[in-house]
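2 protein chains.
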Amino acid sequence: MNAFNVNEHMQALGLQAKAAAAQMARADAAIKNKALKALARRLREAGPELAEANARDIDRAVAAGLSAPMVDRLKLTPKVLATVAEGCEQLAAMPDVIGEIIGMKQMPSGIRVGQMRVPLGVFGMIFESRPNVTIEAASLAIKSGNAAILRGGSEAIESNKALALLVSESLAEVGLPVDAVQLVQTTDREAVGRLIAMPEYVDVIIPRGGKGLIERISREAKVPVIKHLDGNCHVFVDDTADIDMALKIVDNAKTQKYSPCNAAEGLLVTEAVAPKFLPRIGQVFATKGVEMRCDAAAGAIVRGAGLAAVDAVESDWSEEYLAAVISIKVVKDVDEAIAHINRYSSHHTDAIVTRDHVHAQRFLREVDSASVMVNTSTRFADGFEFGLGAEIGISTDKFHARGPVGIEGLTSLKYVVLGQGEVRS
Amino acid sequence: MNAFNVNEHMQALGLQAKAAAAQMARADAAIKNKALKALARRLREAGPELAEANARDIDRAVAAGLSAPMVDRLKLTPKVLATVAEGCEQLAAMPDVIGEIIGMKQMPSGIRVGQMRVPLGVFGMIFESRPNVTIEAASLAIKSGNAAILRGGSEAIESNKALALLVSESLAEVGLPVDAVQLVQTTDREAVGRLIAMPEYVDVIIPRGGKGLIERISREAKVPVIKHLDGNCHVFVDDTADIDMALKIVDNAKTQKYSPCNAAEGLLVTEAVAPKFLPRIGQVFATKGVEMRCDAAAGAIVRGAGLAAVDAVESDWSEEYLAAVISIKVVKDVDEAIAHINRYSSHHTDAIVTRDHVHAQRFLREVDSASVMVNTSTRFADGFEFGLGAEIGISTDKFHARGPVGIEGLTSLKYVVLGQGEVRS
Numbered sequence: 001m002n003a004f005n006v007n008e009h010m011q012a013l014g015l016q017a018k019a020a021a022a023q024m025a026r027a028d029a030a031i032k033n034k035a036l037k038a039l040a041r042r043l044r045e046a047g048p049e050l051a052e053a054n055a056r057d058i059d060r061a062v063a064a065g066l067s068a069p070m071v072d073r074l075k076l077t078p079k080v081l082a083t084v085a086e087g088c089e090q091l092a093a094m095p096d097v098i099g100e101i102i103g104m105k106q107m108p109s110g111i112r113v114g115q116m117r118v119p120l121g122v123f124g125m126i127f128e129s130r131p132n133v134t135i136e137a138a139s140l141a142i143k144s145g146n147a148a149i150l151r152g153g154s155e156a157i158e159s160n161k162a163l164a165l166l167v168s169e170s171l172a173e174v175g176l177p178v179d180a181v182q183l184v185q186t187t188d189r190e191a192v193g194r195l196i197a198m199p200e201y202v203d204v205i206i207p208r209g210g211k212g213l214i215e216r217i218s219r220e221a222k223v224p225v226i227k228h229l230d231g232n233c234h235v236f237v238d239d240t241a242d243i244d245m246a247l248k249i250v251d252n253a254k255t256q257k258y259s260p261c262n263a264a265e266g267l268l269v270t271e272a273v274a275p276k277f278l279p280r281i282g283q284v285f286a287t288k289g290v291e292m293r294c295d296a297a298a299g300a301i302v303r304g305a306g307l308a309a310v311d312a313v314e315s316d317w318s319e320e321y322l323a324a325v326i327s328i329k330v331v332k333d334v335d336e337a338i339a340h341i342n343r344y345s346s347h348h349t350d351a352i353v354t355r356d357h358v359h360a361q362r363f364l365r366e367v368d369s370a371s372v373m374v375n376t377s378t379r380f381a382d383g384f385e386f387g388l389g390a391e392i393g394i395s396t397d398k399f400h401a402r403g404p405v406g407i408e409g410l411t412s413l414k415y416v417v418l419g420q421g422e423v424r425s
Numbered sequence: 001m002n003a004f005n006v007n008e009h010m011q012a013l014g015l016q017a018k019a020a021a022a023q024m025a026r027a028d029a030a031i032k033n034k035a036l037k038a039l040a041r042r043l044r045e046a047g048p049e050l051a052e053a054n055a056r057d058i059d060r061a062v063a064a065g066l067s068a069p070m071v072d073r074l075k076l077t078p079k080v081l082a083t084v085a086e087g088c089e090q091l092a093a094m095p096d097v098i099g100e101i102i103g104m105k106q107m108p109s110g111i112r113v114g115q116m117r118v119p120l121g122v123f124g125m126i127f128e129s130r131p132n133v134t135i136e137a138a139s140l141a142i143k144s145g146n147a148a149i150l151r152g153g154s155e156a157i158e159s160n161k162a163l164a165l166l167v168s169e170s171l172a173e174v175g176l177p178v179d180a181v182q183l184v185q186t187t188d189r190e191a192v193g194r195l196i197a198m199p200e201y202v203d204v205i206i207p208r209g210g211k212g213l214i215e216r217i218s219r220e221a222k223v224p225v226i227k228h229l230d231g232n233c234h235v236f237v238d239d240t241a242d243i244d245m246a247l248k249i250v251d252n253a254k255t256q257k258y259s260p261c262n263a264a265e266g267l268l269v270t271e272a273v274a275p276k277f278l279p280r281i282g283q284v285f286a287t288k289g290v291e292m293r294c295d296a297a298a299g300a301i302v303r304g305a306g307l308a309a310v311d312a313v314e315s316d317w318s319e320e321y322l323a324a325v326i327s328i329k330v331v332k333d334v335d336e337a338i339a340h341i342n343r344y345s346s347h348h349t350d351a352i353v354t355r356d357h358v359h360a361q362r363f364l365r366e367v368d369s370a371s372v373m374v375n376t377s378t379r380f381a382d383g384f385e386f387g388l389g390a391e392i393g394i395s396t397d398k399f400h401a402r403g404p405v406g407i408e409g410l411t412s413l414k415y416v417v418l419g420q421g422e423v424r425s
């Protein structure tokens with residue numbers, strides 16, 4: 001497919017999405033939920049076409065020499081399909097936020113002013129490998145009353161096309177516009193460049209993937225991007241921390257899973273508490289095979305307890321390991337902890353363990369991160385744990401949505417004004 | 001000043017603003033309010049330096065042959081100074097929204113999750129001519145706990161420098177960082193290019209000025225822009241409208257002032273009501289010298305009533321006249337009215353006059369504009385009339401802030417999570 005055709009294709013998708021978005025914005029909650037349930041049913045009852053499409057992608061990936069984990073991520077097993085089907089049903093069961101009116105108040109002029117929640121319009125989602133994201137994105141679009149243009153990874157193109165067909169059939173079944181969810185039909189990279197530069201059709205871009213992809217998209221996009229870069233999360237153990245609680249929290253934040261963005265990558269401990277705390281958490285880490293990259297003071301204590309420590313270098317303070325590695329630093333007090341976090345953290349999630357009310361309040365207010373926590377694990381920074389019902393992503397930006405983003409991140413609030421003939425004097 | 005120096009200057013402003021922003025975010029409401037009152041006092045008591053600086057700008061403008069209205073906009077009369085001083089005092093009297101916590105709820109895991117309102121960090125404001133905007137922007141920065149970098153018009157540079165000095169003195173007087181509000185010291189245009197492309201220091205740009213300036217900044221900015229383009233606002237008179245009410249509203253929306261962005265530029269009337277309504281509103285417009293640019297049906301009725309009408313051309317439906325001109329179109333029904341508005345309006349403010357509940361609800365929900373109104377004048381779309389206390393601008397975007405933007409538009413919500421040792425299982 002040449003560049004000219006890609007342009008035409010993207011233009012057509014944009015126009016159709018825009019038209020569908022207007023219809024989706026008007027759609028009743030009941031109809032949208034019916035479409036979600038139909039999609040869940042079609043996923044569960046999917047015929048051989050889907051399995052065959054998926055097999056073609058897998059064969060191609062194996063032939064291309066992709067690593068086993070990369071090939072695994074492509075697989076639409078019955079378990080994966082059941083999980084995304086369940087996700088659709090959960091969305092269907094959630095209350096609909098579109099059309100809600102908040103803060104309606106009467107003004108001195110007599111007019112009543114409030115805000116109505118409405119869909120943003122059209123979102124573009126750009127993602128890599130896992131084809132199940134096609135269904136996640138489609139179901140979010142349906143529930144939120146937006147239209148979506150989806151661009152999946154080239155390695156999953158056959159699976160994505162087969163899944164997108166199930167979405168179209170579900171939309172058609174309930175009388176919603178099939179263009180509400182469209183898949184980019186080409187693997188040409190030029191299509192991404194067009195998708196992120198069509199402000200006339202696309203209201204927001206949501207990239208999912210590696211940091212490189214997200215940085216490139218953010219740099220080149222002509223529309224807003226709900227972006228999640230890295231998660232360099234910290235736990236700070238304060239002077240007055242309950243040591244047993246701190247052990248449990250730091251252990252959980254680091255070792256419960258290594259790969260999530262809300263896992264802790266840095267541990268800060270005050271001078272006063274370090275001699276008591278570091279030998280104990282060091283023992284836990286040593287047992288679990290977690291490498292400790294320590295500043296001089298922390299290293300001395302860890303080694304003094306007969307455990308292995310690696311000398312941290314400057315780059316350790318900024319790194320998102322996503323692995324069995326943690327940086328450890330002894331700090332003088334809460335001031336130094338807050339300063340360190342604000343300098344090195346990725347503004348994702350940071351926690352303090354303390355009994356000191358003033359320190360807790362200062363940490364909450366002054367740490368400039370999307371989620372700030374007292375006496376609990378950074379691993380809770382998640383749309384479902386925060387009660388959002390669905391998670392579009394986690395935003396490390398401050399503009400529009402910040403932190404875990406639910407359906408509301410795909411909406412905007414417009415002012416509604418009700419009068420009885422009032423005019424401005 | 002050469003390009004190299006401009007870069008260094010902007011870099012220094014950015015670094016200093018970032019450092020000041022952290023201090024401003026921590027500042028108590030009482031201190032910020034004290035700074036605002038000190039600024040009001042200094043504006044009222046301003047010595048000859050300010051008047052002399054302003055006189056130099058005016059002399060230069062006159063010598064350069066600027067038009068009389070342009071020269072007038074530069075003048076810092078005692079009345080202008082009293083008005084901005086009063087604005088500072090009004091902001092000081094407003095409740096402080098920084099640090100408020102909303103929606104705190106306990107989750108099944110035991111953690112409590114809410115959101116805290118915090119400043120965005122650093123905003124850049126770019127404005128033309130009127131030097132009083134320096135004070136408006138400075139006072140918004142102080143109240144909202146942000147730092148600001150201000151870039152005023154070159155024609156007002158001397159006045160802006162003198163005003164910025166009063167701001168610095170007020171900040172210093174109460175112990176707030178003087179770098180919280182900084183004025184770009186050069187009139188080199190390169191400085192604007194740098195200001196809008198420093199995501200490492202600047203969180204959001206607020207341009208105030210002509211559409212050309214705002215379009216250019218939006219296109220080139222590497223950070224989010226709170227932008228207000230044009231206001232092509234409509235009033236739609238529905239079948240069931242109370243004719244006297246419709247007359248009052250349409251008259252007010254069009255003629256109370258011609259220059260504001262929330263003045264009506266288009267009138268839509270249903271076929272059924274046009275023969276009754278158009279002769280009467282036409283009489284009002286004719287008396288006030290408002291030119292009527294009509295489609296064929298409207299033109300026939302207006303001319304039939306013995307009044308002058310101009311034939312509208314396609315471009316009339318999109319135009320923001322900001323003058324004694326209105327476009328008039330007869331539509332079949334509420335569907336055609338909504339479709340026309342969604343196609344041609346600038347998504348600023350649109351109103352329906354009706355007694356029909358279903359039509360009112362559909363108009364509110366389906367018209368894709370920042371402010372949608374029933375039975376009242378578009379002229380009410382304003383931060384003060386909406387009870388926001390202060391107005392940063394009116395956003396025609398959907399992302400982050402939409403419609404009139406108050407102090408909250410300069411803030412973000414971060415998640416706060418309170419635990420008692422809970423961990424993720």
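As you go down the protein sequences, you meet chains U and G in turn.
In this text, residue positions in the first sequence follow the UniProt record's numbering: the first is 1, and each later residue adds one.
In this text, residue positions in the second sequence follow the UniProt record's numbering: the first is 1, and each later residue adds one.
Think of the CB as a built atom: it goes at the ideal place given N, C-alpha and C, for glycine as much as any other residue.
Since the structure is predicted, the reported quantities are computational estimates derived from the model, not experimental observations.
* **Runs of alpha helix (DSSP H) wholly within the region 188-213 of chain U (minimum 4 residues, chain order)** => 190-195
* So who's on the other strand from U:LEU267, going by DSSP bridges? -> U:VAL235, U:ILE328
* **Segments assigned beta strand (DSSP E), at least 3 residues, entirely inside the region 270-302 of chain G** => 291-294
* Expected contact under 8 Å - CB spacing of U:ASN146 and U:PRO108 to nearest Å -> The Cβ separation is near 36 Å, so there is no contact.
* **C-beta neighbour in chain G for U:GLN23, strict 8 Å** => no
* Under the three-state reduction of DSSP, which class applies to U:ALA373: helix, strand or coil? -> Ala is not the amino acid found at residue 373 of chain U; the sequence shown has Met there. Strand.
* **Whole-Å CB distance - U:ARG73 paired with U:ARG130, under 8 Å assumed** => 5 Å
* Use the C-beta contact count for G:PRO404: other C-beta atoms within 10 angstroms, 16 or more gives buried, fewer gives exposed. => buried
* **Reference G:CYS233; option with closest CA among G:SER159, G:THR396, G:LEU163, G:GLU291** => G:THR396
* Sort G:SER318, G:ALA22, G:TYR415 by Cα distance to U:HIS348 and report the nearest one. => G:TYR415
* Asked: From G:THR378 to G:ALA324, what distance separates their C-alpha atoms?
  -> 16 Å
* Asked: Roughly how many whole angstroms lie between the Cα atoms of U:ALA30 and U:ALA162?
  -> 26 Å
* Just by C-beta distance, which residues in the region 251-263 of chain U are closer than 7 Å to chain G? -> ASN252, GLN256
* Which listed residue (G:LEU278, G:PRO279, G:GLY266, G:ASP356) has its alpha carbon closest to that of G:TYR321 -> G:GLY266
* Asked: Counting only beta-carbon atoms, is G:GLN283 nearer than 8 Å to chain U?
  -> no
* Asked: If you draw a straight line from the C-alpha of G:PRO199 to the C-alpha of U:GLY193, how long is it?
  -> 22 Å
* Asked: Of the residues U:LYS75, U:LEU50, U:ALA51, which one's Cα is nearest the Cα of U:VAL62?
  -> U:LYS75
* When the distance is taken between beta carbons, is U:PRO177 closer than 8 Å to U:GLN23? -> yes
* Based on Cα-Cα distance, which residue from G:LEU278, G:VAL235, G:LEU229 lies nearest to G:ARG208? -> G:LEU229
* To do: Please name the residue, chosen from U:HIS359, U:LEU165, U:PHE236, that lies closest to U:GLU49 on a Cα-to-Cα basis.
  => U:LEU165
* Asked: Are U:LEU36 and U:ILE142 touching if we call contact CB-CB under 8 Å?
  -> yes
* **Proximal residues to G:ALA53 (C-beta, below 7 Å), its chain only, five neighbours per side dropped** => GLU158, SER159, LYS161, ALA162
* chain U partners of G:ASP203, CB-CB under 7 Å? -> LYS398
* Apart from the five residues just before and just after G:GLU173, which ones in its own chain have a Cβ nearer than 6 Å to its Cβ? -> ALA38
* To do: With U:VAL313 as the anchor, note down where its beta strand (DSSP E) starts and where it stops.
  => Neither: U:VAL313 is in no beta strand (DSSP E) and is coded neither H nor E.
* Asked: Are the region 283-293 of chain G and the region 350-367 of chain G in contact at 8 Å, needing three or more beta carbon pairs?
  -> no
* To do: Can you tell me the Cβ-Cβ gap for G:GLU422 and G:ILE111, rounded? I've got them flagged as a contact below 8 Å.
  => 5 Å
* Asked: Between which two residues does the beta strand (DSSP E) carrying G:GLU422 extend?
  -> 411-422
* Asked: Does U:ALA370 come within less than 8 Å of chain G when only Cβ atoms are used?
  -> yes
* **Contiguous alpha helix (DSSP H) assignments of at least 4 residues, all confined to the region 102-153 of chain G** => 132-144
* Cβ pair G:TYR201, G:GLY14 closer than 8 Å -> yes
* Residue environment, U:ASN5, which counts as buried when at least 16 other CB atoms sit within 10 Å -> exposed
* **Enclosing alpha helix (DSSP H) for G:THR83 [first to last residue]** => 78-93
* To do: For U:ALA85, I'd like the list of residues in its chain whose CB is within less than 6 Å of its CB, leaving aside the five on either flank, ordered along the chain.
  => ALA40, LEU43, ARG44
* Proximal residues of chain G, C-beta to C-beta of U:SER412 below 8 Å -> LYS398, PHE399, ARG402
* Asked: Which bits of chain U does G:THR287 rub up against, with CB to CB less than 8 Å?
  -> Going along chain U, no residue has its Cβ under 8 Å from G:THR287, so there is no contact; the nearest lies around 17 Å.
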